[in-house]
Each structure stands twice: as C-alpha cells, then as structure tokens.
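Numbering (the numbering used here), first residue to last: 651 to 822. This report concerns only the one structure given below.
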C-alpha cells in the first residue's frame with residue numbers, strides 16, 4: 651500500500667492458520683458447469699509473514715521491517731469454486747480448477763517486530779497506533795490473505811474430491 655510519502659506498507663510471505671474451522675451457508679451448486687458458490691464464516695484466523703512499513707502522522711514517524719504476526723476475527727467470505735470432470739480407472743471424478751475468495755474482515759490485531767529498530771518502548775507505541783487504526787492495514791493485507799485462503803481451500807477441496815467418484819458425491 652502506498653498512500654504517498656506519509657504512508658507506505660508492504661506485506662509479504664503471508665501464511666494463514668485457522669481456515670479449516672469455517673462454517674458454510676447459502677450454497678448454490680450448478681452441476682452442469684460444476685460450479686459452487688457459497689458464503690463462509692471464519693471465526694478466527696491467525697497469520698504470520700513479513701512487513702515493511704513507513705508511516706508519518708503528525709510528529710510520529712513509524713518505521714520498521716521484519717516479522718509480522720496477527721489475528722483476524724469474525725471474517726466472512728464469498729467463495730466461488732470452479733471444478734472439472736476427469737476420468738480415473740474408468741470412473742468419473744471431479745477436481746478444483748480454480749477457487750476465488752473475497753473476504754471481509756471485522757477485526758484485526760497486529761504485532762510487528764522490530765518497529766523503530768527494535769526499541770521496545772517505541773515499538774509498543776507503534777503497535778498500539780497500528781492496532782487503533784487497523785482498518786488501514788486490513789485493507790492492505792486482504793489481497794494476500796485472499797490468495798493464501800484460495801490456495802488453501804483449493805488444495806483441501808482437491809484432497810477431498812480425489813477420494814470419491816462423482817456418482818458417490820452426487821448419487822442419482
């Protein structure tokens with residue numbers, strides 16, 4: 651995120667934990683096209699990664715580069731799963747080709763290591779400021795989280811789908 655010289659933040663190498671504890675609702679299935687459209691609720695996601703940050707606000711300059719940890723609560727996502735049919739051992743199976751996730755995050759908490767070159771007092775103040783203004787950071791973090799969740803959910807879907815034929819999943 652680059653909002654001019656006053657605010658620059660980059661997040662990378664995001665790893666997300668907790669997406670397996672999701673709840674599905676409003677499932678719509680198109681068997682002809684093998685598409686699945688649904689909403690999920692993710693009560694809690696934890697993540698870690700890297701950050702590079704420079705913020706200038708009034709008299710406070712917050713800067714740092716290092717490890718990032720965080721927690722997201724009460725997230726909701728729209729998921730679109732696109733599958734394809736394939737044959738294995740003379741039987742029809744299904745696999746995920748593409749999975750898209752669009753997420754809305756209600757609340758986030760961040761812990762950025764090495765703010766102000768690791769100064770403990772200033773790091774605490776900087777992290778407090780960041781958490782008090784978390785919406786700015788959530789908006790920047792969301793695209794990376796969506797990519798990570800899309801990949802995780804697609805892999806999980808394929809692990810499940812390879813275990814059953816289409817006739818077993820969709821009995822006549």
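Backbone N, C-alpha and C define an ideal beta-carbon position, used for all residues, glycine too. Model, not experiment: these values are computed from the prediction.
- For residue 767, there is no enclosing alpha helix (DSSP H), as DSSP marks it with neither H nor E.
- For the pair residue 744 and residue 750, the Cα-to-Cα distance works out to about 17 Å.
- Judged by DSSP secondary structure, residue 822 falls outside any beta strand (DSSP E); it is assigned neither H nor E.
- Put simply, the stretch 697-707 touches the stretch 658-674. At least three CB pairs are less than 8 Å apart.
- Ranked by how close their Cα comes to the Cα of residue 788, the residues 797, 759, 777 and 807 have 759 in first place.
- Less than 9 Å separates the beta-carbon of residue 713 from that of residue 765.
- Boundaries of the beta strand (DSSP E) harbouring residue 657: 657-667, taken from the DSSP string.
- Counting of Cβ neighbours within 10 angstroms places residue 776 among the buried residues, the total reaching 16 or more.
- Take residue 794, set aside five residues on each side of it, and the residues of its chain with a beta-carbon closer than 6 Å to its own are 661 and 664, in chain order.
- Here the stretch 732-741 makes no contact with the stretch 795-805; the two share fewer than three CB pairs at distances below 8 Å.
- In this structure, DSSP gives residue 671 a state outside helix and strand, which the three-state scheme calls coil.
- Judged by pairs of C-beta atoms under 8 Å, the stretch 683-690 touches the stretch 714-733, as three or more such pairs exist.
- In the three-state reduction of the DSSP assignment, residue 815 falls in the coil class, being assigned neither a helical nor a strand state.
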